[in-house]
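What follows is a set of notes on a single structure, which appears directly below.
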Amino acid sequence: MGIVKRQAFYNSIFNYLGQVIGYVNVIVLFPILLSQEEFGLTRMLASMVIIFAQLSAIGSQRVIIKYYPFFRRADGMGDNGLLPIILFNVTAGFGIVCAFFWVLKDYFLATQDSELFHQFYLVIPLLAFLTIMNWVLESYLKALLKTSFTSFLNNVLLKLLWLSAALCYYYEVLSLEAFVWFYCSVHLVLILLMSAYLFRLKEVSFRVDKAYYKWRVLKHLYRYGAYAILDNTNSALMNNLDKIMIGFLILDDLRSVAIYAVAAHLSGIVVIPATSMNRILTPMISRYWKNKQIDLVAKIYHQSTVINMVFTGALSVLVWTNIDGVMQLVNKDYASGVYTILFLMLSRLVGVSFGLNGDILLVSKHYWFNTASGVILIVLMVIFNLIFIPIYGFVGAAFGTLLARIVYNIVRYIFLLVKEGLNPFKVNNLMGLAILVAGLLVGSWIQFDSLHFLIEIGLKGSLVALVIAIPTYYFKVSEDINSLVDDLFRKGKKLLS
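Residues in the sequence shown are numbered consecutively from 748, following the numbering used here.
Here it is as structure tokens:
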């Protein structure tokens, strides 16, 4: 357990550091260093590459994690042929997706007015291939419990190298074409570093044991991979479909994609505490479900709805009541994304307020419904985006995402209620919601117009935080939050005594 704890410690540091670097890059620096069209191009390419790569990878990331222990050689010197299978699969998958990509080339280019997109369209398959190789190597290292190294590379080094590319372009060290190629080749640096690390560990082997290549073995691998590709592609579409549809439905040289990307990152700040909390609660759900302790699963289900709603809701209220000051931290060309931030924050709040319904589905016999409901979400996003983007632009995409998320979570909530009798909502959920609304009203009423915007953010934010925190504690909206506050007070008293 010492190795696991040490890896978890470093992973946490690199994850949070990577989040900080990522938010600073996307929200503050890239909008300054790149024009809107150039920044929009990087977001559009990134979104299309992720979907291209997920389709090509054929679930290889999950297959490696699940089946590497089975293929591992007894002497610890590599595996018995998993790597050749994976390389064959991703190469075949990449070839098939490339063929469709080439066939659809004229359609994609005809529906996109950005000259930059036309110029760098063929970068997409190259970057997708590098991304796939990155995922394969990262998954191998995860299977070997060498996760902190990959966490540093993908969360810290990758983002720093992207920033260095943007800086070099801004100061005219690189041309636009050189910048794009630099931006893409960053993945090659990571691939070389991970490959070197694997060779150093003596874990790379191309030796094949034919006993592992029999159909009775491979059929399980391919069956699992087929499920994984659907689930992974669902996730990729959930996170990237809106940006791609904005890019193709709004013909403004990808400027709307850039504005939407900044708004999406700003709204993402509010779910950081919920994401961290869910990492703790998810393994507990798996363990309790396995032991048939459904009462404890129901308890965690409820806890996740209350805690996540309070923390995410409080951060959403703080951001929205200070939105004028927050937008002064961002390039003024992105100010039109204000209501996009609101709708995306609400969609994230809806998602976490329904609790860990997806995690419960995954560990239950109804795991298939997690993927099925994901397909429903994608269909809804496409329909709502087709309706609202032509009318309201990128704000319509955010509104469509909100509506789709509401329907998606209600469907999963009803499914678990009917199939397993699990209802996460109680009176304290309503109490928490009422307190958040009160905080929003107070924050909207308070004004410090004569003060510097940073001082205004600090003062108003402090008052709104107190308006939310005090009644949340007093009315015991969440026993876990009260327990956390009590522990902090006790530790504070010990330090002062």
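Glycine residues also receive a C-beta, built at the ideal position from the N, C-alpha and C atoms.
Straight-line CA distance for residue i to residue j?
i, j, result
"I1088", "T1148", "12 angstroms"
"L1001", "L1028", "39 angstroms"
"G1208", "D1234", "24 angstroms"
"I1240", "L1210", "The question names Ile, but residue 1240 in the sequence shown is Lys. C-alpha separation (whole angstroms): 24 angstroms."
"V1044", "M1056", "18 angstroms"
"M748", "L891", "Because M748 carries a pLDDT of 44, less than 50, the predicted location of this residue cannot be relied on, and no value is offered for it."
"V1126", "R1034", "33 angstroms"
"G1205", "Y1086", "22 angstroms"
"I1228", "I1032", "19 angstroms"
"D1071", "T1219", "26 angstroms"
"Y1221", "V1214", "11 angstroms"
"L1108", "L780", "43 angstroms"
"T884", "V775", "The displayed chain sequence assigns Leu, not Thr, to residue 884. Their Cα atoms are separated by approximately 31 angstroms."
"F756", "R1026", "13 angstroms"
"M1172", "F786", "The sequence as given places Phe at residue 1172; Met does not occur at that position. Between F1172 and F786, the C-alpha separation is close to 42 angstroms."
"E950", "A975", "25 angstroms"
"F1141", "T897", "34 angstroms"
"L1065", "G1168", "35 angstroms"
"S1094", "L863", "31 angstroms"
"V903", "I1041", "39 angstroms"
"F929", "N987", "23 angstroms"
"S982", "G1121", "8 angstroms"
"L968", "M1074", "49 angstroms"
"F1058", "L1150", "22 angstroms"
"N1170", "Q1050", "11 angstroms"
"Q766", "P778", "17 angstroms"
"F867", "L788", "9 angstroms"
"N1156", "L1243", "46 angstroms"
"S1111", "G1186", "38 angstroms"
"I1217", "I1182", "10 angstroms"
"L1164", "Y1048", "12 angstroms"
"F1195", "S895", "45 angstroms"
"L910", "L965", "42 angstroms"
Reducing DSSP to helix, strand and coil, say where residue i ends up.
i, result
"M748", "The pLDDT assigned to M748 is 44, lower than 50, so where the model puts this residue is not dependable; a value taken from the coordinates is nonetheless given after this. Note: M748 maps to coil in three-state DSSP."
"Q1075", "coil"
"G1121", "helix"
"F1222", "coil"
"G1102", "coil"
"F929", "helix"
"E950", "coil"
"E919", "coil"
"Q783", "helix"
"Q866", "helix"
"Y944", "helix"
"Q859", "coil"
"S1111", "coil"
"S1197", "coil"
"G769", "helix"
"Q1040", "coil"
"N1170", "coil"
"K813", "helix"
"I884", "Looking at the sequence shown, residue 884 is not Ile but Leu. Helix, per DSSP."
"L998", "coil"
"K893", "coil"
"K961", "coil"
"L851", "coil"
"I805", "coil"
"N740", "With the chain running from 748 to 1244 in the structure shown, residue 740 is simply not present."
"G1259", "The shown model of the chain, from 748 to 1244, leaves out residue 1259, and the question about it has no answer."
Write down the C-beta distance between residue i and residue j rounded to the nearest angstrom, noting that I regard them as a contact closer than 8 angstroms.
i, j, result
"V933", "L905", "6 angstroms"
"A1010", "L1091", "6 angstroms"
"L907", "V936", "So it is not a contact: roughly 11 angstroms between Cβ atoms."
"G1105", "R1159", "7 angstroms"
"N1117", "M992", "Rounded, the Cβ-Cβ distance is 24 angstroms, inconsistent with contact."
"V1248", "Y971", "This structure gives no information on residue 1248, because the portion of the chain shown stretches from 748 to 1244."
"K1259", "R790", "This structure cannot speak to residue 1259, because the chain is shown only from 748 to 1244."
"F848", "P872", "6 angstroms"
"V1224", "V1053", "6 angstroms"
"T1068", "S1197", "No, T1068 and S1197 are not in contact; Cβ-Cβ is about 17 angstroms, not under 8 angstroms."
"L900", "M941", "7 angstroms"
"F995", "T838", "Their Cβ separation, rounded to whole angstroms, is 29 angstroms, which puts F995 and T838 out of contact at 8 angstroms."
Is the beta carbon of residue i within less than 7 angstroms of some heavy atom of the ligand ADP?
i, result
"S1225", "Because no ligand of any kind appears in the structure shown, any question about the ligand ADP cannot be addressed here."
| message | Does the contact criterion of 3 or more C-beta pairs under 8 angstroms hold for the region 878-886 versus the region 798-805? | response | Between the region 878-886 and the region 798-805 there are three or more C-beta pairs closer than 8 angstroms, enough to call the two in contact.
| For the region 1126-1137 against the region 1096-1104, are there 3 or more C-beta pairs whose distance is under 8 angstroms? | Judged by Cβ distances under 8 angstroms, the region 1126-1137 makes no contact with the region 1096-1104, as fewer than three pairs qualify.
| message | If contact is defined by three or more beta carbon pairs under 8 angstroms, each pair taking one atom from either stretch, is the region 912-920 in contact with the region 842-861? | response | No: the two stretches stay apart, fewer than three of their Cβ pairs being nearer than 8 angstroms.
| Contact the region 758-773 vs the region 987-1007: 3+ CB pairs below 8 angstroms | Counting Cβ pairs under 8 angstroms, fewer than three are found: no touch.
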